[in-house]
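A.B. asks: Here it is, the structure in full.
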Amino acid sequence: MTSLGGVFYYLRTRAWIWSFVATAMVWIATILFTGGHGGGQMLTAALSFATFTIIVGIGQMFVITTGPGNVDLSIPATMALSGAITTKIMDTQDGMILTGFAVALGVGLAVGLFNYGLIRLLRIPPIIATLSASFLVQSTAIAYGRGLRIKPPPALADFTTAEIGGIPILSICGVVFTIIMGVVLARTFYGRSVLAVGQNMRAAWLAGIPVERTRLVTYVLSAMLAGLSGLLLSGFSGGSSLNMGEEYLLASIAVVVIGGTSVAGGRANVPGIWGAALFLYLLVTMLNTFGASAGLRLIMTGVIIIAVITVAGSGEQKR
Amino acid sequence: MLPVFLNAQLLRSALPALSLGVLLVAIFIIQPNAMSYFGLNLMLQYAVPIALATLAQMFVITVNDLDLSIGAFVGLVACIGATYLHDTPGLGLLMLAGCIVVYAGMGALIQLRNLPSIVVTLGMSFVWLGIAVLILPTPGGKSPDVIKALMALKIPAVPFPIVAAVVIALIVQAGLMHSSYGAVLRGAGGNPKALARAGWSMLQIKMAMFALAGFFGVLSGLSLIGLTTSGDAHIADRYTLYSIAGAILGGAEFVGGRVSPVGAVLGALTLTLTGSFLIFLRISPDWQIGAQGAILIIVLALRALISRGERR
């Protein structure tokens, strides 16, 4: 480890470190530009926004890890539906928050079961199944929500925006959750099954791993996390909106890939998701600070995502 | 169980036409007035740009990739069409050609670095949208008169959208399904290794398919502004979903290069008609995408049933 080659090997096998390095560089470039102003606030905001990306990103990571072709495209629609239903049910009353959480998870459970049902019964690629499901889910959200913006209960709004010494409480919960999911992936039977199925589904099946049950749990997990994220995001942003999940389609996939998880499946990277999520947020902040127009910001976001996966992307098998 | 003359293969290829037929009959039963020159013209107005976008998506699906940027790309083409192509046609055409080159480059990048197409195209969708917003920050511009005139063409007896759809479908069908290079292109989706061993360059094939997708994306965007007469960066945001759904309705499968150009056009027509169908049923337009999703799932379920019957 002390030799240069050792350091190089260490860095190469832990690709996710780069996402943190890039995050730090973007942050430093921005505060150099502002002359040292607002560096702390910027980090607080980055942590807050990154947390929502992390929640859906972890679900997406489990799905992508189950093998080539597995991806959940119904995350944005599920977030919109969960936000619409829960804000209506909670009806700005603090006493209903727990019910709201239960409903959010219930919405996710239903969407996840539906997704898996389509994959299994119709024998169609998960991309198509989750896409078709998202049409129905989005439509339900539109018809149910009617575009009304209902405020979240005050206690929920307080919880999602509270911070201790500049660190959002929600982000602390997010870190704890990430650690738990890291342990689940590395140490539990379910987590090991996800990795095994992703490496070689047939070999996993021959080894006696319940392949179908693993996939079922994974799609349900992803949808439930999307539901949860929809609830928290509507608390954070003062109400739900029908398109609030839109940006999380790219974000959830991008953080997984930039974070060093293999798109071919079978190899996941939990800490990398945080680096990638912070990087994406700070990147947009930096472009904002530099005074880039909306169009230029979009172009740069796209170009950088493609550049990162071109450099970090593996030369292995894809979907 | 099935009549002898209806084998599974035939049934599967007839499915896109059957679904369109069922929808048409349903519409005519509910609203007999719709079955007129004027009614069909109105209902199918937007079928041409959607069919062209669906074909673009189908080319990408042929080589086992997926294009999540086609909607944003059609929006960009609409913006270029309503500004540069109208004011300085030479520069406009050059820009559109450049767009197609970038599309081919996207295919090359995906092939060379073995990247997942969803991530690359999702990233590119931001780039297309960004350029479109730079060109046309607010909806506006004017579409070139030639295109407007072409899209408003009145053909006796048969409405223009139907004629255009048939012509487009037959041209692509002939090129992709009945030519030797078309077979090679489809083979790239079926067995890339075998094709590479036979001496074909997978890089060239991927680039060709993505360039074709870009070309049809350009056609889609131009025909769209021929109808709307002005441009907007977000004009075709839904086209990404439409094109994927249309290609699948038309019988495209995600592995093995199994596609059908005629089917894709029929699928696009089916999707276009769903909107009118809901209006005639007096169902709120809120459910439009839901209904499209439901049709997609029903068709996929029928296909699964047919395949199951085949195996028995």
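Line by line, the protein sequences give chains Y and W.
Going letter by letter, the first sequence gives residues 39 to 357 in this note's numbering.
Going letter by letter, the second sequence gives residues 4 to 315 in this note's numbering.
Each residue gets a CB set at the ideal place from its N, CA and C atoms; glycine is no exception.
Computed from a predicted model, the values in this text were never measured in an experiment.
#1: Excluding sequence positions up to five away, which residues of its chain have a Cβ less than 6 Å from the Cβ of S223(W)?
#2: Buried or exposed for F41(W), going by 16 or more other Cβ atoms inside 10 Å?
#3: Ignore the nearest five residues each way along the sequence and tell me which others in I191(W)'s own chain have a CB closer than 6 Å to its CB.
#4: Mind listing which residues of the stretch 157–174 of chain Y have their C-beta closer than 8 Å to chain W's C-betas, in chain order?
#5: Alpha carbon to alpha carbon, how far is T124(W) from L71(W)? Give it in angstroms, no decimals.
#6: Among G74(Y), G44(Y), T103(Y) and L270(Y), which residue has its Cα nearest to the Cα of V295(Y)?
#7: For G201(Y), write down the residues that DSSP places opposite it in a beta bridge.
#8: Under three-state DSSP, which class holds G276(Y)?
#9: At the 9 Å Cβ level, is V214(Y) part of the contact set with chain W, yes or no?
#10: DSSP state of G78(Y), grouped into three classes?
#11: On the three-state DSSP scale, how would you describe G143(W)?
#12: Does the separation of the CB atoms of L159(Y) and T168(Y) fall below 9 Å?
#13: Among the residues of its own chain, which have a CB less than 6 Å from the CB of A314(Y), if the five just before and after it don't count?
#14: Considering only residues of the same chain and omitting the five flanking positions on each side of I121(W), which have a CB-CB separation below 7 Å?
#15: Ignore the nearest five residues each way along the sequence and tell me which others in L269(W)'s own chain have a CB closer than 7 Å to its CB.
#16: Under a CB-based cut-off of 9 Å, is V1(W) close to chain Y?
#17: Hey, is K356(Y)'s beta-carbon within less than 9 Å of any beta-carbon in chain W?
#18: Taking the C-alpha atoms as reference points, what is the distance between H237(W) and G265(Y)?
#19: Please report the straight-line C-alpha distance between L280(Y) and L119(Y), rounded to a whole angstrom.
#20: Against chain W, with Cβ distances strictly below 9 Å, would A332(Y) count as a contact?
#21: Below 8 Å, how does it come out for the stretch 223–230 of chain Y and the stretch 114–132 of chain Y: are there three or more Cβ pairs, yes or no?
#22: Leaving out five residues before and five after G283(Y) in sequence, what residues of the same chain have Cβ atoms less than 6 Å from its Cβ?
#23: Whose Cβ in chain W lies nearer than 9 Å to the Cβ of T339(Y)?
#24: Measuring only the C-alpha atoms, how far is I113(W) from A62(Y)?
#25: Is L311(Y) close to chain W, meaning its C-beta is less than 9 Å from at least one C-beta of that chain?
#26: To the nearest whole angstrom, what separates the beta carbons of L26(W) and F280(W), a pair I think is in contact under 8 Å?
#27: Report yes or no: is there a C-beta of chain W within less than 9 Å of the C-beta of Q176(Y)?
#28: Compute the Euclidean distance between the alpha carbons of T82(Y) and L270(Y), then round it to the nearest angstrom.
#29: With a threshold of 9 Å between beta-carbons, can R305(Y) be considered close to chain W, or not?
#30: Residues of the stretch 240–269 of chain W with a CB closer than 8 Å to any CB of chain Y: list them in chain order, please.
#31: Any beta-carbon of chain Y closer than 9 Å to the one on L14(W)?
#32: Would you verify that the beta carbon of D289(W) is, or is not, closer than 9 Å to some beta carbon of chain Y?
#33: Relative to the C-alpha of T216(Y), which residue among F100(Y), I66(Y), L70(Y) and I127(Y) is closest?
#34: Using Cβ-Cβ distances below 8 Å, what residues of the stretch 113–134 of chain Y are close to chain W?
#35: For G126(W), does the three-state DSSP call read helix, strand or coil?
#36: Just tell me which of M128(Y), M338(Y), M324(Y) and V258(Y) has its CA closest to the CA of F2(W).
C.D. replies: Working from what's here:
#1: In the second sequence, counting from the first residue as 1, residue 223(W) sits at position 220. Correct list, in chain order: P52, L55, A56 and V77.
#2: Along the second sequence, one-based indexing puts residue 41(W) at 38. When all chains shown are included, F41(W) counts as exposed.
#3: Reading the second sequence from its first residue, position 188 is the one you call residue 191(W). Residue identity check: residue 191(W) is Ala in the sequence provided, not Ile. The answer, listed in chain order, is V66, L198 and I208.
#4: L159, L160, R161, I162, P163, I165, I166, L169, S170, A171, S172, F173 and L174
#5: For this step, residue 71(W) is matched to residue 68 along the second sequence. For this step, residue 124(W) is matched to residue 121 along the second sequence. Each residue's alpha carbon lies about 5 Å from the other.
#6: Counting from one through the first sequence, the residue named residue 295(Y) turns up at place 257. V295(Y) has its Cα closest to that of T103(Y), out of G74(Y), G44(Y), T103(Y) and L270(Y).
#7: What you label residue 201(Y) is simply residue 163 of the first sequence in a count that begins at 1. Note on identity: in this sequence residue 201(Y) is Glu, with Gly being the wrong assignment. P206(Y).
#8: Working through the first sequence from its first residue, we reach residue 276(Y) at position 238. Three-state DSSP puts G276(Y) in coil, outside helix and strand.
#9: One-based indexing of the first sequence puts residue 214(Y) at position 176. No, because no Cβ of chain W sits closer than 9 Å to the Cβ of V214(Y).
#10: On the first sequence, residue 78(Y) is found 40 positions in, with the first residue counted as 1. If DSSP states are grouped into helix, strand and coil, G78(Y) belongs with the helices.
#11: Here residue 143(W) refers to the residue found at position 140 of the second sequence. G143(W): strand per DSSP, three-state reduction.
#12: In the first sequence, the residue the question calls residue 159(Y) occupies position 121. In the first sequence, the residue the question calls residue 168(Y) occupies position 130. For L159(Y) and T168(Y), no; Cβs fall outside 9 Å.
#13: Locating residue 314(Y) in the first sequence gives position 276, where the first residue counts as 1. Result list for A314(Y): S57, V293, I296 and G297, in chain order.
#14: Counting from one through the second sequence, the residue named residue 121(W) turns up at place 118. The answer, listed in chain order, is L69 and L71.
#15: The residue given as residue 269(W) occupies position 266 in the second sequence. Excluding positions up to five away in sequence, the list reads P19, A20, L23 and G253.
#16: Any property of residue 1(W) remains undetermined from this structure, which presents chain W solely from 4 to 315.
#17: The residue labelled residue 356(Y) in the question sits at position 318 within the first sequence. Residue placement at K356(Y) is flagged as unreliable, the pLDDT there being 41, under the threshold of 50; the coordinate-derived value follows with that caveat. Closer than 9 Å to some Cβ of chain W, the Cβ of K356(Y) qualifies, so yes.
#18: Start at 1 with the first residue of the second sequence, and residue 237(W) comes out as number 234. Start at 1 with the first residue of the first sequence, and residue 265(Y) comes out as number 227. Taking the Cα positions, H237(W) is about 27 Å away from G265(Y).
#19: Taking the first residue of the first sequence as 1, we reach residue 280(Y) at position 242. Taking the first residue of the first sequence as 1, we reach residue 119(Y) at position 81. L280(Y) and L119(Y): Cα-Cα distance of roughly 8 Å.
#20: Translated into the one-based positions of the first sequence, residue 332(Y) becomes position 294. Interface with chain W (9 Å Cβ-Cβ cutoff): A332(Y) is included.
#21: no
#22: Position 245 of the first sequence, counted from the start, is the residue given in the question as residue 283(Y). Answer for G283(Y): P114, M117 and A118, listed in chain order.
#23: Residue mapping note: residue 339(Y) aligns to position 301 of the first sequence, counting from 1. Neighbours of T339(Y) on chain W, chain order: G126, F129, V130 and G133.
#24: Locating residue 113(W) in the second sequence gives position 110, counting from the first residue. Locating residue 62(Y) in the first sequence gives position 24, counting from the first residue. So the alpha carbons of these two residues sit roughly 29 Å apart.
#25: Within the first sequence, the letter at position 273 stands for residue 311(Y). Just to set this straight, residue 311(Y) is Ile in the shown sequence, not Leu. Answer no: the Cβ-Cβ gap between I311(Y) and chain W never drops below 9 Å.
#26: For the purposes of this step, residue 26(W) is identified with residue 23 of the second sequence, where counting begins at 1. For the purposes of this step, residue 280(W) is identified with residue 277 of the second sequence, where counting begins at 1. The Cβ separation is near 6 Å, so the contact holds.
#27: Numbered from its first residue, the first sequence carries residue 176(Y) at position 138. Yes, because at least one Cβ of chain W sits closer than 9 Å to the Cβ of Q176(Y).
#28: Position 44 of the first sequence holds residue 82(Y). Position 232 of the first sequence holds residue 270(Y). About 17 Å.
#29: For the purposes of this step, residue 305(Y) is taken as the residue at position 267 of the first sequence. Not an interface residue.
#30: Answer in chain order: L244, I247, A248, I251, F257 and V258.
#31: The count along the second sequence starts at 1 and reaches residue 14(W) at position 11. No, its Cβ sits nowhere closer than 9 Å to a Cβ of chain Y.
#32: By one-based count along the second sequence, residue 289(W) stands at place 286. At least one chain Y Cβ lies under 9 Å of D289(W).
#33: Here residue 216(Y) is taken as the residue at index 178 of the first sequence, counted from 1. With distances taken between Cα atoms, T216(Y) lies closest to F100(Y).
#34: none
#35: As a first step, residue 126(W) is located in the second sequence; it is residue number 123 there, counting from the start. Of the three classes helix, strand and coil, the one that applies to G126(W) here is helix, per DSSP.
#36: Nothing about residue 2(W) can be reported from this structure: the residues present for chain W run from 4 to 315 only.
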